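*Asks:* A single structure is presented below for examination.
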Amino acid sequence: MAFLLRSISRSADGREIVRESRVEDNILRIGRDPVCDIRLNDLAVALHHATIELVGEGQLGVSAEMGMTIEIDGNATGFGQIALHAGGDIRVGPFLLRILPTPAGVQDVSIDIERGEDDALSEKVDVGRFALASVMPGKRPIAWVSALAILAIFLAWPIWSFYQGRTEAGRYAQAYHADRLWLSGSLSRGHASLGDNCQACHVQPFVSVRDEACAACHVGIHDHADPRRLAQASPNLSGLRRLQMRVGTWLGQDPGRCVDCHTEHEGPQQIPPTPQRFCADCHGDLRARLPDTRLAGASDFEDSHPEFQPLVLISWNGEQPLLERVPLNRHPREMSNLKFPHALHLDPRGGAAQMGRRLRGRHGFGDSLVCADCHVPTPDGTRFQPPDMEGDCGMCHSLAFDAIDGTIRTLRHGSPAQVIGDLRALYRAGGPQRPVELSAGARARPGDVAQIRAAVQYARARAGIGSRADRAIRGVFSQGGACFDCHEVVQPPAGSLNYGIRPIAFPTRYMLHGWFDHRDHQIMQRPGQPRLEGPAACAGCHRAPASNSSRDLLLPNLASCRDCHGGETTRLPVASTCAMCHDYHMDQGTPAMLLRQRVRGRRWETTAIPVHLGPPPPAAARQ
Amino acid sequence: MATRGIERTDLGDGSVSHEGFLRHRNYRWLKIAASLSLIALVGYALIDVQPRPNGGSWYGYLLGTIGAGLILWLTALGVRKRAMTRRKWSLKAWTSAHVYLGLSLIVIATLHSGFQFGWNIHTLAYALMMAVILSGTYGIWAYAFLPARLSDNRSEMTGAQMIDAVASIDKQIQISAQPLSDEDSAIVLGSLGEDPFGGGLYRRLAGSGSRGANAAGLKLLRRRLAQSQGAEALALDQVAVLMQRKAGALNRIRRHVRIRAMLEIWLFVHVPLTFALIAALSAHIVSVFFYW
Numbered sequence: 002m003a004f005l006l007r008s009i010s011r012s013a014d015g016r017e018i019v020r021e022s023r024v025e026d027n028i029l030r031i032g033r034d035p036v037c038d039i040r041l042n043d044l045a046v047a048l049h050h051a052t053i054e055l056v057g058e059g060q061l062g063v064s065a066e067m068g069m070t071i072e073i074d075g076n077a078t079g080f081g082q083i084a085l086h087a088g089g090d091i092r093v094g095p096f097l098l099r100i101l102p103t104p105a106g107v108q109d110v111s112i113d114i115e116r117g118e119d120d121a122l123s124e125k126v127d128v129g130r131f132a133l134a135s136v137m138p139g140k141r142p143i144a145w146v147s148a149l150a151i152l153a154i155f156l157a158w159p160i161w162s163f164y165q166g167r168t169e170a171g172r173y174a175q176a177y178h179a180d181r182l183w184l185s186g187s188l189s190r191g192h193a194s195l196g197d198n199c200q201a202c203h204v205q206p207f208v209s210v211r212d213e214a215c216a217a218c219h220v221g222i223h224d225h226a227d228p229r230r231l232a233q234a235s236p237n238l239s240g241l242r243r244l245q246m247r248v249g250t251w252l253g254q255d256p257g258r259c260v261d262c263h264t265e266h267e268g269p270q271q272i273p274p275t276p277q278r279f280c281a282d283c284h285g286d287l288r289a290r291l292p293d294t295r296l297a298g299a300s301d302f303e304d305s306h307p308e309f310q311p312l313v314l315i316s317w318n319g320e321q322p323l324l325e326r327v328p329l330n331r332h333p334r335e336m337s338n339l340k341f342p343h344a345l346h347l348d349p350r351g352g353a354a355q356m357g358r359r360l361r362g363r364h365g366f367g368d369s370l371v372c373a374d375c376h377v378p379t380p381d382g383t384r385f386q387p388p389d390m391e392g393d394c395g396m397c398h399s400l401a402f403d404a405i406d407g408t409i410r411t412l413r414h415g416s417p418a419q420v421i422g423d424l425r426a427l428y429r430a431g432g433p434q435r436p437v438e439l440s441a442g443a444r445a446r447p448g449d450v451a452q453i454r455a456a457v458q459y460a461r462a463r464a465g466i467g468s469r470a471d472r473a474i475r476g477v478f479s480q481g482g483a484c485f486d487c488h489e490v491v492q493p494p495a496g497s498l499n500y501g502i503r504p505i506a507f508p509t510r511y512m513l514h515g516w517f518d519h520r521d522h523q524i525m526q527r528p529g530q531p532r533l534e535g536p537a538a539c540a541g542c543h544r545a546p547a548s549n550s551s552r553d554l555l556l557p558n559l560a561s562c563r564d565c566h567g568g569e570t571t572r573l574p575v576a577s578t579c580a581m582c583h584d585y586h587m588d589q590g591t592p593a594m595l596l597r598q599r600v601r602g603r604r605w606e607t608t609a610i611p612v613h614l615g616p617p618p619p620a621a622a623r624q
Numbered sequence: 546m547a548t549r550g551i552e553r554t555d556l557g558d559g560s561v562s563h564e565g566f567l568r569h570r571n572y573r574w575l576k577i578a579a580s581l582s583l584i585a586l587v588g589y590a591l592i593d594v595q596p597r598p599n600g601g602s603w604y605g606y607l608l609g610t611i612g613a614g615l616i617l618w619l620t621a622l623g624v625r626k627r628a629m630t631r632r633k634w635s636l637k638a639w640t641s642a643h644v645y646l647g648l649s650l651i652v653i654a655t656l657h658s659g660f661q662f663g664w665n666i667h668t669l670a671y672a673l674m675m676a677v678i679l680s681g682t683y684g685i686w687a688y689a690f691l692p693a694r695l696s697d698n699r700s701e702m703t704g705a706q707m708i709d710a711v712a713s714i715d716k717q718i719q720i721s722a723q724p725l726s727d728e729d730s731a732i733v734l735g736s737l738g739e740d741p742f743g744g745g746l747y748r749r750l751a752g753s754g755s756r757g758a759n760a761a762g763l764k765l766l767r768r769r770l771a772q773s774q775g776a777e778a779l780a781l782d783q784v785a786v787l788m789q790r791k792a793g794a795l796n797r798i799r800r801h802v803r804i805r806a807m808l809e810i811w812l813f814v815h816v817p818l819t820f821a822l823i824a825a826l827s828a829h830i831v832s833v834f835f836y837w
């Protein structure tokens, strides 16, 4: 038998070139080696790749060498058979060996040998592969995927969570919400706990934060003024500010909202001090827009601030004190009904100082009396408790009028009728005994004068038992008597001895709309002057040592403060904005600015104990 | 392509020599964009926004509106570039404005942010915008310098010629390697199978240098050459010379691919990120007014 080999190749224009050869053998060796019967010039073919031989009647066996593979009719294999009458394809490397069907009885087996199409080569000629686009996903898919992902995560999800929160309000405040992705900045420290609950303030979508949302928690905040008057007082805005406000109003942001000043999402910080301009815009020339206002214009503490107008007790309507705000430059007099000359008590060489030295052991006085001996600070240190007779005056001023077995009887302070009754009882019992210090009725006072006076009174009292009581009563309520020296005495009706005492009252707070903290002024030094401490510091502002009348209102005036306190920008030692003494949300507490600087906590009300004059409590004095 | 070495022709008075988009009209758009940025900066310095500058102040809204408008206009270049026109609003003028106004966005958007950044949609939009601008800046650099390198590398050859060069060397190797043993031919076969375009984005950008099956095969073959003698050594030597030549041709293709990748990569950032930016910008704007 013989194999008829037809080697087919193609010219550049596709024409077939066929080379025929004949191998007279039963076995065909296929490989790259020149000695092979079928030589296949390709490195993918081994030197000796496979063998074809006749294995039986009409059957060709095809076997690959060790480690080689061939494809028989499309199946990769190492060995296979092909029926001669049917023919078959053998692929060796890139070559196709087509065994043509051989009719029975024909001895020659025809094999066409052809090199297959080289796909790889044609792929390599693809110039498009130089472009980066050949290995990248398209720009459009990347754009779509990333844009949709961003919209889904950062827009749709937060909006979904917003509406989810409305249906599950109870659990909402605790869990994570996608709207946190919108958080433009941390909340201030005070609001930090609301970080997960955007809806606490942002109640309605596309509606800016309303005051009601703030008031839901901040229930005790006072308005600055009646909103109508506030609007009327607003300054004439510049064109830009007016446009701003108009645009804001058009967009639903009415001016004067809480958030106008209390801006949020500015990081975990304290609310910064209010700038002076914030107040001065309206208050600089308030009267121009609010003609009926009682507030004088103020725009800078150093340059433009009215004189202080403390609340002064100017007179009485019967038992009711009449209080009025009077500017200090009108030199108001304080009609407290108390007689107390500060100068007499503070004179280091006077009788009060002498008595203080004598009572040093009992009350801890110094060489002379000082402010702190009578004026006790409130627990917060800001202000002072009102002095009281028993605790403060009573250290020196005794009301003793009798002594029984070592027990000293005192006149009842605060009740003139009781005093009269006690004195009558004393004389009805059999005349006066020699009192502890000569006399019972008179106040014990240092110095010989008092003793002489007591002796005279005692002598008078002894002059006649019947009229002695009357005389003692008159003595107590008259000049030189125990009550008269400190109190305004109401003379009795003719034929009666029912003396009365005018009530005493002081305003608990003189500066109603300002704040003054005594603690900060315990050490004082005006520019160019020595540093003052203790009583000297008090006297640095309050001219008590020179005051001979308790009607002197010992409040320092504006000029006194201006020695140290200037405006927002100043060359004086203390730059003072409005917010140092005043608060936008008026109440009696500390201004928010000081509060934030110092105590970082609750706003406190005054701890001064208000004076009650008995029913009814005077409303004005409690302001 | 083959334009290197041509001196700039002096076309005489009245003729227009080439003026790139960067220098268009004596840097007109550079001046406009710089003025815009300067005005924004001066406004930022002078306007006292309390308690501190932020996007929610009136000035913040103003800058934000300008910025958003600019972003949308800059994006429109993608449409505009498909129509080349001359004169005042020529495509060159647009491109010049695109570049300089795009750069001014760095100032405008940063001032809009008030330097307040965080892990939120607002900063995401800002970061995307900066990424787009940076990729654009890179694109300007790439377009200015890489085409020359591309041209140098190709040595007057076209892409198809470069591929053909490899293919023709491959054919010669195929022929020369016929006498080699099965082990040696396996090495050569590896070289023939090497795809110079193989590898993804990173491989293309990093450039595979002289690595690859051909280079490795060449090394092995040289070692074999040292051990062999006679006819085998002759055949091996011939194949090695061819493979050496092929290495040169492959490297040229690889360098070409690398420079092309460097030239084109920025658009794969610039364009898709622009759309991501517009999505983030929309979310930013909606969120601001949703939670007003």
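Chains as they are written, first to last, in this note's numbering: chain A, 2 to 624; chain B, 546 to 837. We treat Cβ as the ideally placed atom computed from N, Cα and C, and that holds for glycine. The structure presented is a predicted model; accordingly, all values stated were derived computationally and were not measured.
#1: Which residue spans inside the stretch 36–97 of chain A form an unbroken beta strand (DSSP E) run of at least 3?
#2: Whole angstroms are fine: how far does the CA of residue 204/A sit from the CA of residue 184/A?
#3: When you check each C-beta in the stretch 187–203 of chain A against every C-beta of chain B, which residues fall closer than 7 angstroms?
#4: Would you identify the three-state DSSP class for residue 525/A, choosing helix, strand or coil?
#5: Identify the contact partners of residue 597/B in chain A, using a Cβ-Cβ distance below 8 angstroms as the criterion.
#6: Closest to residue 596/B by CA distance: which of 368/A, 141/A, 415/A, 270/A is it?
#7: Helix or strand or just coil, what does DSSP make of residue 250/A?
#8: Measuring straight from C-alpha to C-alpha, what distance separates residue 68/A and residue 79/A?
#9: Count the other CB atoms, across all protein chains shown, that sit within 10 Å of the CB of residue 592/A; report buried if there are 16 or more and exposed otherwise.
#10: Classify residue 774/B: buried if its beta carbon has 16 or more other beta carbons within 10 angstroms, exposed otherwise.
#11: Distance, Cα to Cα, residue 292/A vs residue 312/A?
#12: Between residue 36/A and the rest of its own chain, which residues show a CB-CB distance below 7 angstroms, the 5 nearest in sequence each way excluded?
#13: For residue 13/A, I'd like the list of residues in its chain whose CB is within less than 6 angstroms of its CB, leaving aside the five on either flank, ordered along the chain.
#14: Evaluate the contact criterion for the stretch 660–678 of chain B versus the stretch 693–708 of chain B: three or more CB pairs, one atom per stretch, below 8 angstroms.
#15: Pull up the CB-CB distance for residue 88/A and residue 101/A, whole angstroms please, since I reckon it's below 8 angstroms.
#16: Measuring CB atoms only, is the stretch 805–815 of chain B touching the stretch 723–737 of chain B, in the sense that at least three cross pairs come out at less than 8 angstroms?
#17: Cβ closer than 7 angstroms: which chain A residues qualify as neighbours of residue 704/B?
#18: Anyone know if the C-beta pair for residue 50/A and residue 32/A falls short of 7 angstroms?
#19: Measure from the C-beta of residue 692/B to each C-beta in chain A and report whether the shortest distance is under 7 angstroms.
#20: Who are the near neighbours of residue 350/A in its chain, counting only those whose CB is closer than 7 angstroms to its CB and skipping five residues on each side?
#21: Within a Cβ cutoff of 6 angstroms, which residues of the same chain sit near residue 378/A, ignoring the five residues on either side of it in sequence?
#22: What in chain A is Cβ-close to residue 802/B, meaning under 7 angstroms?
#23: What are the partner residues of residue 322/A, as DSSP defines its beta bridges?
#24: What does residue 403/A pair with, by DSSP beta-bridge criteria?
#25: Under 7 angstroms between C-beta atoms, does residue 541/B make it to chain A?
#26: Counting only Cβ-Cβ distances shorter than 7 angstroms, please list the residues of the stretch 769–792 of chain B near chain A, keeping chain order.
#27: Counting only beta-carbon separations shorter than 7 angstroms, does residue 570/A have a partner in chain B?
#28: Just how far apart, CA to CA, sit residue 325/A and residue 315/A?
#29: Under a CB-based cut-off of 7 angstroms, is residue 581/A close to chain B?
#30: Using 8 angstroms for Cβ pairs, my map puts residue 5/A next to residue 110/A. What's the rounded Cβ distance?
#31: For the candidate residues 142/A, 182/A, 168/A, whose alpha-carbon lies nearest to that of residue 158/A?
#32: Buried or exposed for residue 824/B, please, with buried defined as at least 16 other CB atoms from any protein chain shown within 10 angstroms of its CB.
#33: With DSSP run on the structure shown, which of helix, strand or coil describes residue 378/A?
#34: Identify whether residue 116/A lies in helix, strand or coil by the three-state DSSP scheme.
#35: So which of 469/A, 149/A, 131/A, 176/A has the shortest CA-CA distance to residue 705/B?
#36: Which residue marks the beginning of the beta strand (DSSP E) containing residue 5/A, and which one marks its end?
*Replies:* If we stick to the structure as given:
#1: Qualifying beta strand (DSSP E) stretches, in chain order: 51–57, 60–65, 71–73, 76–78, 80–84, 89–93.
#2: For the purposes of this step, residue 184/A is taken as the residue at position 183 of the first sequence. For the purposes of this step, residue 204/A is taken as the residue at position 203 of the first sequence. Rounded to the nearest angstrom, the two C-alpha atoms are 15 angstroms apart.
#3: For the stretch 187–203 of chain A, which is checked against every Cβ of chain B, the residues closer than 7 angstroms are 199, 203.
#4: Indexing the first sequence from 1 puts residue 525/A at position 524. Here residue 525/A sits in strand by DSSP.
#5: In the second sequence, counting from the first residue as 1, residue 597/B sits at position 52. Contact of residue 597/B with chain A by beta-carbon distance below 8 angstroms involves 267.
#6: Here the question's residue 596/B lines up with position 51 in the second sequence. For residue 596/B, the closest alpha carbon among the candidates 368/A, 141/A, 415/A, 270/A is that of 270/A.
#7: The residue you call residue 250/A lines up with position 249 of the first sequence. DSSP places residue 250/A in helix when its eight states are reduced to three.
#8: The residue given as residue 68/A occupies position 67 in the first sequence. The residue given as residue 79/A occupies position 78 in the first sequence. Put simply, the backbone Cα of residue 68/A is about 8 angstroms away from that of residue 79/A.
#9: As a working mapping, residue 592/A is identified with position 591 in the first sequence. Around the CB of residue 592/A, 16 or more other CB atoms lie within 10 Å, so the residue is classed as buried.
#10: The residue given as residue 774/B occupies position 229 in the second sequence. Residue 774/B should be labelled exposed.
#11: Position 291 of the first sequence holds residue 292/A. Position 311 of the first sequence holds residue 312/A. Answer to the nearest angstrom: the Cα atoms are 23 angstroms apart.
#12: Numbered from 1 along the first sequence, position 35 holds the residue referred to as residue 36/A. There are no such residues.
#13: Translated into the one-based positions of the first sequence, residue 13/A becomes position 12. Answer for residue 13/A: no residue qualifies.
#14: No: the two stretches stay apart, fewer than three of their Cβ pairs being nearer than 8 angstroms.
#15: Locating residue 88/A in the first sequence gives position 87, where the first residue counts as 1. Locating residue 101/A in the first sequence gives position 100, where the first residue counts as 1. Between residue 101/A and residue 88/A the Cβ distance is about 5 angstroms, and since that is below 8 angstroms, they are a contact.
#16: With a cut-off of 8 angstroms, the stretch 723–737 of chain B and the stretch 805–815 of chain B do not count as touching, because too few Cβ pairs lie within range.
#17: On the second sequence, position 159 is the one that residue 704/B refers to. The answer, in chain order, is 128, 131.
#18: Indexing the first sequence from 1 puts residue 50/A at position 49. Indexing the first sequence from 1 puts residue 32/A at position 31. Yes.
#19: One-based indexing of the second sequence puts residue 692/B at position 147. By the rule that beta-carbons nearer than 7 angstroms mark a contact, residue 692/B does not touch chain A.
#20: Residue mapping note: residue 350/A aligns to position 349 of the first sequence, counting from 1. Cβ contact annotation for residue 350/A (same chain, cutoff 7 angstroms, sequence separation greater than five): none.
#21: Sequence index remark: in the first sequence, residue 378/A carries index 377 (1-based). Excluding five sequence positions before and after residue 378/A, the CB atoms of its chain that fall closer than 6 angstroms to its own CB belong to 385, given in chain order.
#22: Translated into the one-based positions of the second sequence, residue 802/B becomes position 257. Below the 7 angstroms Cβ cutoff, chain A contributes 131 as neighbours of residue 802/B, in chain order.
#23: As a working note, residue 322/A is residue 321 in the first sequence. Answer is 317/A.
#24: Here residue 403/A refers to the residue found at position 402 of the first sequence. DSSP lists 410/A as partners of residue 403/A.
#25: Residue 541/B is absent from the structure shown; chain B starts at 546 and stops at 837.
#26: For the stretch 769–792 of chain B, which is checked against every Cβ of chain A, not one residue is closer than 7 angstroms.
#27: For this step, residue 570/A is matched to residue 569 along the first sequence. Not one chain B Cβ lies under 7 angstroms of residue 570/A.
#28: Translated into the one-based positions of the first sequence, residue 325/A becomes position 324. Translated into the one-based positions of the first sequence, residue 315/A becomes position 314. Using only the alpha carbons, I get a separation of about 7 angstroms.
#29: Residue numbering aside, residue 581/A sits at position 580 when the first sequence is read from its first letter. By this cut-off, residue 581/A is not an interface position.
#30: As a working note, residue 5/A is residue 4 in the first sequence. As a working note, residue 110/A is residue 109 in the first sequence. Rounded, the Cβ-Cβ distance is 7 angstroms, consistent with contact.
#31: In the first sequence, counting from the first residue as 1, residue 158/A sits at position 157. Closest by alpha carbon: 182/A.
#32: By 1-based counting over the second sequence, the position of residue 824/B is 279. Burial is judged here by how many other beta carbons sit within 10 angstroms of a residue's own beta carbon; residue 824/B has at least 16 and is buried.
#33: By 1-based counting over the first sequence, the position of residue 378/A is 377. Under the three-state reduction of DSSP, residue 378/A is assigned to strand.
#34: Counting from 1 along the first sequence, the entry for residue 116/A is found at position 115. Three-state result, residue 116/A: strand.
#35: Taking the second sequence and counting its residues from 1, the one referred to as residue 705/B is at position 160. For the residues 469/A, 149/A, 131/A, 176/A, the minimum Cα distance to residue 705/B belongs to 131/A.
#36: Taking the first sequence and counting its residues from 1, the one referred to as residue 5/A is at position 4. Here the beta strand (DSSP E) through residue 5/A covers 3–11.
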